[in-house]
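Under the working numbering, the residue at position 219 of the first sequence is numbered 219, and the numbers go up by one with no gaps. A short write-up of the structure that comes next.
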Amino acid sequence: MTPEELSQAVLSAVRASVEAGELSVGVPERVTIERPKNREHGDYATNAALQLAKAAKKPPREVAQIIAGRLAQVGGIASVDIAGPGFLNITVDTASAGELARSIVEAGEAYGRGESLAKLKINLEFVSANPTGPIHIGGVRWAAVGDSLARILKAAGADVSTEYYINDAGVQIDKFGGSLMAAANGRPIPEDGYVGEYINDIAREIVAQHAGLLELPDEEQKKVFTSTGLRLMVAEIQRSMEEFGTHFDVWFSEKSLHDSGAVDEAIERLRGQNHVYTDGGAIWLRTTDFGDDKDRVLIKGDGETTYFASDAAYYLNKRDRGNEVCVYMLGADHHGYVGRLKAIAACAGDDPEHNIEVLIGQFVKMVREGQEVRMSKRAGNIITIDDVVEWIGVDAARYSLARSSTDSTITLDIDVLTSATNENPVYYVQYAHTRMCGVERKAKELGIERGEFKPELLATEWESNLLGMLGEFPRIVAKAAELREPHHVARYLEELAGVYHRFYDNCRIMPLGDEPATDLTYARMWLADAARIVVANGLGLLGVSAPERM
RNA sequence: GCCCCCGUAGCUCAGCGGACAGAGCAGGCGCCUUCUAAGCGCUUGGUCGCAGGUUCGAUUCCUGCCGGGGGCGCCA
């Protein structure tokens, strides 16, 4: 019996009580079913009676009494107790609880998927760092979180596309090209230019690709350095992302918005909505109509469009491509953009509460030997994605970045994540998976096939706890998708791993010595296999490997 | 001055309206001729920053303060 089925049973009991005239309330659409922290409170608990008491004009315990009477009749429910102020504590039949293992094994990779976001076309834009240097640590956080979120949203049934916005227009790119040219010619890097070994590397590569380049006039050189540098840098970013297990469906060029006239078109569309005005020679969008703290310039007095104008065009482009929800993931230093991005949507006639979501990720710090690490070999004053991967590996990086809420600033301790591996929760979870695989190997070695499943044999507290945790997985995935918070999946896996380890240590699965396999052997094999599937599916949602051996 | 995030066990962090506040790690004491001990059991450890408010009920929601981090351009 799953939490979902239980929830339906409670609703049916409420409905029946209302129909019988014992309760006069509207039947709620859903009730909360939770696993109590304390085992003495049954397998599941609901506060439904507490919630309904006021409307029913009866004391909570009396409402509980009424619901409990009907609920106890439901097949699969062993008992219903009323506790505290009016909680219903529900105990499920052992056999009914054990059936879950069978359905998980049968569902396999599909277990945990749902339809809570079915038919929602959602676009995730993340990282989107300027292609003027390697991805830095903040971008790595979004690579881990954004990619995991994409996987989770897909699991919840959404139609997801992931996207990287390449800022390939504007003065930063110009400075990048200038810096490359300076480096290649042995001249000092211009003021506000880009420095670091990577600039020299790329400059060398460009010179190697273009014979005689340095003999050309500066103006022509710079064009080559800019365009080729951009291409090489984007290629490197794409390589880093793929190596990090992060895939983008679309690499969107800002320049293409200008070249195609989309920026001008966007301004005209916003003008048509009557939110555009001219002042001091500049053209403005009246974002203050929708909560922004000041209006924003679209076209400067000198006729140049602003970055903000590109943002507006880009948003409209995403919507034109059929995306119902556009999610932006930005660093904490860009939190000021939330208001203006939402205002763009509102000015365009969209619902800023629905069509656009902006997630803000706080900073990431790395420490080694108690000291903050700031330096990178390749990029001088920043830590790059390749540094992170080199120091702690993809699995540990993805997991440790995705296991915390993006609202928290996090500190990654390189020493912890490398030498003392058991201090890192990812290994705790992965180790649980290898133990599960170890059981399968042992079974194969002993020539034991999984026999008929008798779910009622899974009767110990460890088996019951494990079944309970496994049953939570679909709700955790749905919650993580709904809240756009992948870290719930990681936390769940850590808890599940703990419950599994305890089951493993207390419930021998394979026969010892010459003992024959029994029905209990088979039942536990089903359970262990179900647990393996859930851990593998969960790690898959985080883009972290589920190793068979460690 | 205004805006955003954080403040929970020694450390890193969960908990986002419910029952005595949790995990991992760290500290202490135990457990491997048996499916990997990267594990398990027991144990030490907390005025949930402070003060009010809303609620039957607040770590959770609201307000104010105090700490810490980050932002507020006709920059990109």
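Backbone N, C-alpha and C define an ideal beta-carbon position, used for all residues, glycine too.
Here A150 really is in contact with V160; their C-beta atoms are around 5 Å apart, less than 8 Å.
In this structure, DSSP gives D81 an extended state, which the three-state scheme calls strand. Short of 7 Å from the beta carbon of D292, and not among the five residues preceding or following it, lie these beta carbons of its own chain, in chain order: G339, R340, A343. The bridge partners DSSP lists for V367 are E372, D413. The closest CA to that of F126, considering only S148, R296, Y198, Y492, is found on S148. Of the candidates V477, D93, Q430, Q430 places its Cα closest to the Cα of E548. In this structure, V534 lies near G112, with their beta-carbon atoms less than 8 Å apart. Apart from sequence neighbours up to five positions away, the residues of its chain that approach S128 with a beta-carbon distance below 6 Å are Y164, Y165, ordered along the chain. CA-to-CA, the gap between V224 and Q238 works out to about 21 Å. Within the same chain, F290, P352 come within 6 Å of A346 by CB-CB distance, once the 5 residues on both sides are set aside.
Going by beta carbons, H501 and A432 fall inside the 8 Å limit. Per DSSP, L120 lies in no beta strand (DSSP E) and is assigned neither H nor E. Distance between Y399 and G380, taken at the CA atoms: about 26 Å. G86 counts as buried, since at least 16 other C-beta atoms from the protein chains shown sit within 10 angstroms of its C-beta. The three-state secondary structure of T384, taken from DSSP, is strand. Residue burial is scored here from C-beta neighbours: E268 has fewer than 16 other C-beta atoms within 10 angstroms and is therefore classed as exposed. Distance from the Cα of G98 is smallest, within the candidate group T460, L483, E482, Y504, for T460. Between A332 and I356, the gap from beta carbon to beta carbon reaches 8 Å or more.
Contact between V25 and A56 holds, since their C-beta atoms are separated by about 5 Å, short of 8 Å. When the five nearest sequence neighbours on each side are left out, the beta carbons in the same chain lying within less than 7 Å of the beta carbon of W526 are those of A101, R102, V105, R450, F453, in order along the chain.
Nearest Cα to C437 within the set A490, A531, F363: A531. By the Cβ-count criterion, A143 is buried, with 16 or more other Cβ atoms from all chains shown falling within 10 Å of its own Cβ.
A direct Cα-Cα distance of roughly 11 Å separates A169 from T226. Leaving aside the five residues that flank S12 on each side, none in its chain has a CB nearer than 6 Å to its CB. Look at the beta carbons and you see the region 360-372 not touching the region 179-196: under three pairs across the two are nearer than 8 Å. CA-CA distance, M181 to E472, rounds to 57 Å. The criterion of a C-beta distance shorter than 8 Å is satisfied by Y504 and R435. Proximity of the region 280-287 to the region 228-248 falls short of the contact definition, fewer than three beta-carbon pairs being nearer than 8 Å. The beta-bridge partner set that DSSP reports for Y44 consists of I90. The region 239-324 is shown to contain whole alpha helix (DSSP H) runs of 4 or more residues at 254-259, 262-272, 307-320, in chain order. The C-alpha of R231 lies about 27 Å from the C-alpha of E265.
Take the alpha-carbon of I414 and the one of R403: they are about 16 Å apart.
In this model, Y307 and G229 are separated by some 21 Å (Cα to Cα). In terms of Cα proximity to D218, the closest of K444, A183, H247, L120 is A183. Note that the region 14-29 touches the region 58-75; at least 3 beta-carbon pairs, one per stretch, sit closer than 8 Å.
In this structure A481 is in contact with L117, their Cβ atoms being roughly 6 Å apart against a cut-off of 8 Å.
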